[in-house]
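Residue numbers (the numbering used here): 19 to 289.
Cβ coordinates follow ideal geometry from the N, Cα and C atoms, glycine included.
Heads up: the structure comes next, in structure tokens.
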């Protein structure tokens, strides 16, 4: 990926690039972090193999910035990740994060992830993939993936619409052979994915989805993190948000401790 004006503005000095895989940003000085060294049969080189929520090998305040492109949505505990990235970036540095807009991806038939869901994932320290994330992905994202991949069992967009309506409870019956066969296949895949995770084999899925920069503003407000830039159509398919690290905010630590205990801001849950 080529450096753009916004990356050039915020990603100066020595930084971390998290989850860049084989498409790291050119022209910036970073250590490359990933949880693996191959993806879809593509191999790439990283400096450290680490979970995105645990950078224990790095001291506090070590880097000038952290950058991630289309990583946060893959994490079961994105708040834990944001706080860890905040820990290793220096005071006044930046966390530069882009996430896909759900309408631009195979997640278009999913409901956006409620803020309270993200807070609960943090409160209960959700670790590796659990059943709720896998089931939602299988029911509402996999059908659209099959359409993109031109699988015969999903011949058109209407089939995706109908099967997701069924899973949402808006459609009471599988009234065609195509829908029934797709449902059987999805249920089989769900069980296979659940077993795969139980067996300790990684499964790379979108755990969470967002619609707009407004969703991100609410998340950052809940964490008392300061955004300096939010772009609602970054790269044509993404939401960009840039956090300026402010560790001197006396309310920040108190808020995080409250969230760990399940004490959420009063406005959380209000649409």
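- Within its own chain, the residues whose Cβ lies closer than 7 Å to the Cβ of residue 235, once the five positions on either side in sequence are excluded, are 245 and 248, listed in chain order.
- Listed in chain order, the non-local C-beta contacts of residue 265 below 7 Å within the same chain comprise 109, local neighbours out to five positions each way being set aside.
- For residue 103, the secondary structure class from DSSP, reduced to helix, strand or coil, is helix.
- Contact between the segment 128 to 138 and the segment 206 to 220 is absent, with fewer than three C-beta pairs closer than 8 Å.
- Here residue 21 carries a coil assignment [DSSP, helix/strand/coil].
- Bridge partners of residue 83 according to DSSP: 33 and 112.
- Residue 153: member of the alpha helix (DSSP H) spanning 149 to 158, first to last residue.
- Counting the other Cβ atoms within 10 Å of the Cβ of residue 95 gives 16 or more, which makes it buried.
- By the criterion of at least three beta-carbon pairs nearer than 8 Å, the segment 185 to 195 is not in contact with the segment 67 to 83.
- According to the DSSP secondary-structure assignment, residue 48 is paired through a beta bridge with 33.
- The C-alpha of residue 133 lies about 17 Å from the C-alpha of residue 118.
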